[in-house]
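Just so it is clear: in the sequence shown, position 188 is 301 by my numbering, and no numbers are missing.
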Amino acid sequence: MIKMRKTRLFAAAAAATALVLAGCSSSGGTDSEATDGANTDADGVITVTVGASPSPHARMLRFIDEELAADAGIKLDIVEYTDYILPNEALKNGDLDANFYQTVPYLEGQEAELGVDFTGGAPVHIEPLGVYSEKITDIADLPDGATIGIISDTQNQGRALQLLASGGLVKLPEGEDPTIFNVEKLGDFEFVEVEGAQLVRALPDVDIAVINGNYAQEGGLSVADDALLVEEAEGNPAANILAWRAEDDANEGVQKLEELLHSPEVKQFIEETWTDGSVLPAF
């Protein structure tokens with residue numbers, strides 16, 4: 114089971130003190146590697162290699178790298194991914210020090226599937242799921258024989274089905290995780306499973322699609338303007354987190370990044386950048 118780290122949230126006034134340069138340990142690998150300075154330059158700055166979805170994750174990381182990282186004694190090497198599989202494989206293999214693109218339920222499933230111990234940080238933000246369509250303007254107008262595009266991975270699929278249940282389209286099973294095979298359909302429609310990054314592209318071919326927030330943003334869709342149904346943010350367990358290998362819990366560079374992701378400056382950046390509610394701070 115993933116260990117969840119309770120982030121130490123620091124006030125803006127104390128940020129300079131909390132984030133002073135604190136040594137020359139490496140940002141990646143095992144504890145022995147973390148003391149050999151492999152990822153630390155001559156000035157003691159630690160490079161943290163972090164994988165991320167292009168939006169909003171990489172955009173937040175670029176803000177940190179440009180505005181906050183230097184004072185914390187780190188710099189970020191940001192590697193962008195457009196799928197949900199490769200970032201955890203790269204993290205497992207040591208190609209990344211951390212990744213930032215996923216929710217705790219998804220990470221737990223990946224931990225079991227990949228046979229690796231991950232640590233998940235504290236919630237950073239939530240990207241509400243939305244139901245989108247190019248054919249109807251009201252969920253009540255879904256025609257008989259409709260097709261519903263839905264993400265293919267099981268963790269995100271369950272979350273999408275919960276949103277459809279809130280819209281009266283399905284009834285969720287009791288005592289088990291929802292999938293397209295065990296929900297009760299409350300209408301005449303068929304599900305079409307689509308890889309997450311392709312859902313926006315598939316939108317013209319289905320009647321409606323449940324699309325993850327980051328993919329909707331990348332595809333030019335707006336929660337406020339385009340979604341027919343939107344996931345509730347309050348009390349939502351599907352907040353996005355920074356993740357790293359459990360063996361790197363003491364990794365100084367990763368922990369500095371984890372703190373910066375929960376800084377007042379990042380919270381303000383989220384609120385001022387995504388004014389349509391497509392990204393909401395979760396701290």
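We put the beta carbon where it would ideally sit given N, CA and C, even for glycine.
Checklist entry - Is the Cβ-Cβ distance between Ile263 and Gln270 less than 8 Å? => result Yes; because the gap between Cβ atoms is below 8 Å, this pair is in contact.
Next on the checklist: For Ser279 and Pro317, I'd like the C-alpha separation in whole angstroms.
Outcome noted: Taking the CA atoms as reference points, Ser279 sits about 24 Å from Pro317.
Checklist entry - Are Val392 and Pro200 touching if we call contact CB-CB under 8 Å? => result no
Next on the checklist: Can you give me the C-alpha to C-alpha distance between Gly164 and Ala235, rounded to a whole angstrom?
Outcome noted: 17 Å
Checklist entry - Based on Cα-Cα distance, which residue from Thr195, Arg175 and Pro241 lies nearest to Ile187? => result That would be Arg175, whose Cα lies nearest to the Cα of Ile187.
Checklist entry - Among Glu347, Leu370, Pro377 and Thr267, which has the Cα closest to the Cα of Ala182? => result Leu370
Item to check | 8 Å contact criterion, which Val323 and Leu277 should meet: CB distance rounded | outcome: 7 Å
Item to check | Alpha-carbon spacing of Thr216 relative to Gly157, whole angstroms | outcome: 32 Å
Item to check | Where the beta strand (DSSP E) containing Leu259 begins and where it ends | outcome: Residue identity check: residue 259 is Ala in the sequence provided, not Leu. Ala259 to Ile264 is the extent of the beta strand (DSSP E) around Ala259.
Item to check | DSSP state of Gly348 mapped onto helix, strand, coil | outcome: coil
Next on the checklist: Looking at the secondary structure, which residues open and close the alpha helix (DSSP H) in which Val323 lies?
Outcome noted: Where Val323 is concerned, there is no enclosing alpha helix (DSSP H), although the beta strand (DSSP E) it sits in stretches over Ile321 to Ile324.
Item to check | Cβ distance (whole Å) where Ile191 is taken to contact Ala171 below 8 Å | outcome: 6 Å
Item to check | Per DSSP, the bridge partner or partners of Pro394 | outcome: For Pro394, which the question treats as bridged, DSSP gives the partners His238.
Checklist entry - Based on the DSSP secondary-structure assignment, which residues constitute the bridge partners of Phe213? => result Ala165 and Leu355
Checklist entry - Would Met114 be called buried (16 or more neighbouring beta carbons within 10 Å of its own) or exposed? => result With a pLDDT of 48 at Met114, under the threshold of 50, the modelled position of this residue cannot be trusted, and the question is left open.
Next on the checklist: Judging by CA-CA distance, which residue of Glu306, Gly243 and Lys248 is the nearest neighbour of Gln275?
Outcome noted: Gly243
Checklist entry - Among the residues of its own chain, which have a CB less than 8 Å from the CB of Asp320, if the five just before and after it don't count? => result Ser246, Lys248, Ile249, Leu255, Pro256, Ala259, Thr260, Ile261 and Phe302
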